[in-house]
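See below for the structure under consideration.
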Amino acid sequence: MYTFLRILTALVIVAVVALLAFIFWPVQTTGPQTELPADYQVPEGAAEYAMQLSDCAACHTAEGGERFAGGRAIESPMGVIYSSNITPDPETGIGGVTLDQFRAALYDGIGKQGEHLYPAMPYANYRKLTEADVRALYAYFMDEVPPVQNEVRAPEMDFPFDQRWGIRAWKWVALSKAGFTPEFDNEQLDRGAYLVEGPGHCGACHSPRNTFFAQDGYTAANDRFLTGGEIGGWYAPDLRDPGSAPQKWTAEQLAHWLRTGRNNHAGVSGEMQLVVGESLQFLTDEDVAAMVAYLRHIGTDGPAPETPPTRPETPGETEALLASADPDMDLGARLYLDNCNACHFVDGLGADEVFPELDGNSLVNAPGGTGLIHVILDGTELPSTEIRPMRLRSMRPV
Ligand code: HEC
Ligand code: HEC
Ligand code: HEC
C-alpha cells in the first residue's frame, strides 16, 4: 500500500512538472530558411509588394480604422479574436520588435510577449515564406508604415480556448515543416505553388479542416488541399474539381477574375472581396500567370484543358420554363422572374463583367447556399480595382 502511494505521488509530481514545463518552457523558434548575405538590402519596391502578396491589410485593418492598426474582429466557433496592431507604435503596435521576433510571429505564431497566437493569424501558411519575403515584410512594417497608437481588445474566447498555452499543443499536431519545397521542377509552377501555398494562404479558406481544426493539407500533394472550406458563413469553393473555376475557365478568364474580381462568368463576393481588393489586384503579370498555371495544373482530374468545352446551343429546361412565363410555375421560378431576370436573364447567363452568370455559379451551387442567401438579403458590391476602377452593386430585392 505504502509503495503504491509513493508511486502515485511520484506520478502526480511528474505530471504537474510536465504540465508546467509545457506551459512555461520557452518555445524554440524557427530560424531563417535561407541564409542571406550580411549586407542584404531589400530591393526597391519589394517591401510593399511582399505585404500585398500576403494580404496583411485584409485582417489587420478594422472597418473604418487606420491601416494596419488592428482591431478587426475575426469570428471563430470558439469566440472572437481581434487582429493585432502591426504598425511600428512602440506601446500598442510592433515598434521595437526584432527581426527574429517578427519571424517568430510569421513562422511559429509567437507574439511580441512570447504568447502563442491564435491560428486566425495564418502562420500555418506563412511558415513557407522565403527569408527574402520575411525581410521585405519586416522592412515594410518598420520603415514604411506610420505608427498608430491603438490598443486592441483582448480576445473573447470560451474556456478552455482562452488558455493560450493550449495553442502550443495544437501547433504540434497542426503545423507542417517550415520552409517551401519546390514540387514541380518547373519554374513557373513552383512560383505559383509558392504564392498560393505560402503568402497567398489560399488554403486557409479554400481547404477543408481536419478533426484538430487544422487545414487539411498544405500542398497539392495532399488531395484534400484546396477542395473547399468554409469561412465566416461563406463557402470558399473547391478549386480542383473538374467543374471548378480554375478547371473550367480559360487561363485568361481566371487571371482576369483574380485581378478584377469579375469576368464573363462570375463576380467576387463575401470573404474573397478583400483578397482581390487588397492583394491579387496588385500582382505582376508574371505572378498572376504563375498562380493561374499552378491552379490549372493541380485539378483532381489532372491539368485543365486549354480550351474549356462550349455550352450546348439549345436552351435548357429551366431556361425554357422561365421563358414560357407560365403562371403555374413554382414560387421560386416566379420570384426569379420578378426579381432577378432583369439583370441575370432567363438563361442565367447575365452580361459579361457586369451581371454574373448564375448558371453553374459556384456561389449558387455551394453546399448549404449560405452565400446565395447573403447576396439575396444584403446585395453585394464588386470592388473597384486598378484595371476595373468601378463599383457595381446588385440590388437588394424589395
Ligand atoms: C487572416 C487574418 C490575418 C492575416 C491575413 C494576417 N494576420 Fe497577423 N494576426 C491576425 C490575428 C487575428 C492576430 C492576433 C492573434 C492573437 O491575438 O492570438 C495577428 C497577429 C499578428 C502579429 C503579432 C502581433 C503582436 O502583438 O505580437 C504579427 C506580427 C502579425 N500578425 C503580422 C502579420 C503580417 C506581417 C501579416 C501579413 C504577412 C499578417 N499578420 C497577416 C490575423 C491575420
Ligand atoms: C479569406 C478567405 C479566402 C482566401 C484567403 C481566399 N479565398 Fe478565394 N474565395 C473565398 C470565398 C468565400 C469565395 C466564394 C465567393 C466568391 O465566389 O466570390 C472565394 C472564391 C474564389 C474563386 C472563385 C470561384 C468561382 O467559382 O467563382 C477563386 C478562383 C478563388 N477564390 C481563388 C482564390 C485564390 C487563388 C486565393 C489565394 C490567393 C484565394 N482564393 C484566397 C474565400 C477566400
Ligand atoms: C439590378 C440588377 C440586378 C438584379 C435585379 C439582381 N442582381 Fe444579382 N447581381 C447584380 C450585379 C451587378 C452583381 C455583381 C455584384 C457582385 O457580385 O458583387 C450581382 C451578383 C449576384 C450574385 C453573385 C454572383 C457571383 O458570381 O459572385 C448572385 C448569386 C446574384 N447576383 C443573384 C441574384 C438573385 C438570386 C437575384 C434575384 C433575387 C438577383 N441577383 C437580382 C445585379 C443584379
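Each residue of the sequence shown is one higher than the one before, counting from 2 in our numbering. Note that beta-carbon positions come from the ideal geometry of N, C-alpha and C, so glycine has one too.
Pick helix, strand or coil for F214, following the three-state DSSP scheme.
Stepping through the sequence shown from its first residue, residue 214 is reached at position 213. Coil, per DSSP.
Does the region 143-159 come within contact of the region 56-73, defined as at least 3 CB pairs closer than 8 Å?
Yes, the region 143-159 touches the region 56-73.
Which residue or residues does DSSP assign as beta-bridge partners of S77?
Working through the sequence shown from its first residue, we reach residue 77 at position 76. Answer is G80.
Tell me A352's beta-bridge partners as DSSP assigns them.
Working through the sequence shown from its first residue, we reach residue 352 at position 351. Answer is F356, bridged to A352.
Could you name the residues of the same chain whose beta carbon sits closer than 6 Å to that of L54, not counting the 5 residues immediately before and after it, in chain order?
On the sequence shown, position 53 is the one that residue 54 refers to. Once the five neighbours on either side are set aside, the close Cβ partners of L54 are P200.
State the DSSP-derived secondary structure class of V190, mapped to helix, strand or coil.
In the sequence shown, residue 190 corresponds to position 189, counting from 1. One detail in the question is off: residue 190 reads as Leu in this sequence, not Val. Correct three-state label for L190: helix.
With a threshold of 7 Å (Cβ to nearest heavy atom), would H345 be considered close to ligand 2?
The residue labelled residue 345 in the question sits at position 344 within the sequence shown. Answer for H345: no, Cβ out of range of ligand 2.
Could you tell me which of Y83, G369, F346 and D186 sits nearest to E64, measuring between CA atoms?
Position 63 of the sequence shown holds residue 64. Checking every option, the nearest Cα to that of E64 belongs to Y83.
If I measure Cβ to Cβ from V81 and keep anything under 8 Å in the same chain, skipping five residues before and after, which residues do I get?
Numbered from its first residue, the sequence shown carries residue 81 at position 80. Counting only Cβ-Cβ distances below 8 Å, and skipping sequence neighbours, we find A74, I75, P156, E157 and M158.
Below 8 Å between beta carbons: does that hold for A179 and R136?
Mapped onto the sequence shown, residue 179 falls at position 178. Mapped onto the sequence shown, residue 136 falls at position 135. No, they are not a contact pair.
Mind checking whether T251 and P309 have CB atoms under 8 Å apart?
If you number the sequence shown from 1, residue 251 lands on position 250. If you number the sequence shown from 1, residue 309 lands on position 308. Against a cut-off of 8 Å, the Cβ pair of P309 and T251 comes out as a contact.
Of the choices P120, W235, H266 and Q189, whose alpha-carbon is the least far from that of H202?
The count along the sequence shown starts at 1 and reaches residue 202 at position 201. Answer by Cα proximity: P120.
Is the beta carbon of A246 closer than 8 Å to that of A221?
The count along the sequence shown starts at 1 and reaches residue 221 at position 220. The count along the sequence shown starts at 1 and reaches residue 246 at position 245. No, the Cβ-Cβ distance between A221 and A246 is not below 8 Å.
Looking at R260: is its Cβ nearer than 8 Å to the Cβ of I388?
Position 259 of the sequence shown holds residue 260. Position 387 of the sequence shown holds residue 388. Going by C-beta atoms, R260 is nearer than 8 Å to I388.
In whole angstroms, what separates the C-alpha of W235 from that of E272?
Working through the sequence shown from its first residue, we reach residue 235 at position 234. Working through the sequence shown from its first residue, we reach residue 272 at position 271. So the two alpha carbons sit approximately 7 Å from each other.
Taking contact to mean at least 3 C-beta pairs separated by less than 8 Å, is the region 203-210 in contact with the region 157-173?
No contact exists between the region 203-210 and the region 157-173.
Could you tell me how far apart the beta carbons of L255 and V293 are, in whole angstroms, since I believe they sit closer than 8 Å?
Position 254 of the sequence shown, counted from the first residue, corresponds to residue 255. Position 292 of the sequence shown, counted from the first residue, corresponds to residue 293. L255 to V293, Cβ: 5 Å. Contact.
Let me check one thing: in DSSP terms, what residues is M158 bridge-paired to?
The residue labelled residue 158 in the question sits at position 157 within the sequence shown. The partner list for M158 (beta bridge, DSSP) reads G80.
According to the Cβ coordinates, are Q274 and E132 closer than 8 Å?
Locating residue 274 in the sequence shown gives position 273, where the first residue counts as 1. Locating residue 132 in the sequence shown gives position 131, where the first residue counts as 1. Not in contact: Q274 and E132 (Cβ atoms no closer than 8 Å).
Between D329 and L350, what straight-line distance do the alpha-carbon atoms span, to the nearest angstrom?
For the purposes of this step, residue 329 is taken as residue 328 along the sequence shown, with counting starting at 1. For the purposes of this step, residue 350 is taken as residue 349 along the sequence shown, with counting starting at 1. Spanning the two alpha carbons is a distance of roughly 24 Å.
How would you label E253, buried or exposed, when you count the other beta carbons within 10 angstroms and need 16 or more for buried?
As a first step, residue 253 must be located in the sequence shown, where it is residue number 252. Per the 10 Å Cβ criterion, exposed.
For A140, tell me which candidate among L336, S363, I87 and A175 has the shortest Cα-Cα distance.
Position 139 of the sequence shown, counted from the first residue, corresponds to residue 140. Comparing Cα-Cα distances from A140 to each of L336, S363, I87 and A175, the minimum goes to I87.
Do the CB positions of Q248 and G300 come within less than 8 Å of each other?
To locate residue 248, count along the sequence shown from 1; it is residue 247. To locate residue 300, count along the sequence shown from 1; it is residue 299. Contact: yes.
Within a Cβ cutoff of 6 Å, which residues of the same chain sit near Y108, ignoring the five residues on either side of it in sequence?
The residue given as residue 108 occupies position 107 in the sequence shown. Answer for Y108: T31, R128 and A179, listed in chain order.
Going by the DSSP bridge assignment, what does L393 pair with across the sheet?
Here residue 393 refers to the residue found at position 392 of the sequence shown. Paired residues: L383.
Have a look at E320 and C341 and give me their C-alpha separation to the nearest angstrom.
On the sequence shown, residue 320 is found 319 positions in, with the first residue counted as 1. On the sequence shown, residue 341 is found 340 positions in, with the first residue counted as 1. When rounded, the distance between both Cα atoms is 13 Å.
What residues in its chain sit with their C-beta under 7 Å from that of S77, if we drop five residues either side in the sequence?
As a position in the sequence shown, residue 77 is number 76, starting the count at 1. Only A121 meet the Cβ criterion.
Would you mind reading off the limits of the beta strand (DSSP E) that contains I95?
Within the sequence shown, residue 95 is the residue found at index 94, counting from 1. Premise fails: I95 is in no beta strand (DSSP E) and is neither H nor E.
Ignoring anything shorter than 4 residues, give me the alpha helix (DSSP H) runs that lie fully in the region 210-283, in order along the chain.
Qualifying alpha helix (DSSP H) stretches, in chain order: 246-249, 252-261 and 273-279.
On the DSSP letters alone, give me the boundaries of the alpha helix (DSSP H) that I1 sits inside.
Since the displayed the chain opens at 2 and closes at 399, residue 1 lies outside it and no answer follows.
Let me confirm a value: G268 is counted as buried when at least 16 other C-beta atoms fall within 10 Å, else exposed. Which label applies?
Against the sequence shown, residue 268 aligns to sequence position 267. With 16 or more other Cβ atoms within 10 Å, it is buried.
Would you mind stating whether T386 and G278 have Cβ atoms separated by less than 8 Å?
As a working note, residue 386 is residue 385 in the sequence shown. As a working note, residue 278 is residue 277 in the sequence shown. Yes.
Could you pull the start and end residues of the alpha helix (DSSP H) that L322 belongs to?
Locating residue 322 in the sequence shown gives position 321, where the first residue counts as 1. Residues E318 to S325.
Please name the residue or residues paired with T315 in a DSSP beta bridge.
Working through the sequence shown from its first residue, we reach residue 315 at position 314. Its beta-bridge partners do not exist; DSSP assigns none.
Taking the C-alpha atoms as reference points, what is the distance between D217 and W173?
For this step, residue 217 is matched to residue 216 along the sequence shown. For this step, residue 173 is matched to residue 172 along the sequence shown. Each residue's alpha carbon lies about 14 Å from the other.
Quick one: grab the DSSP three-state call for G71.
By 1-based counting over the sequence shown, the position of residue 71 is 70. Three-state DSSP puts G71 in a strand.
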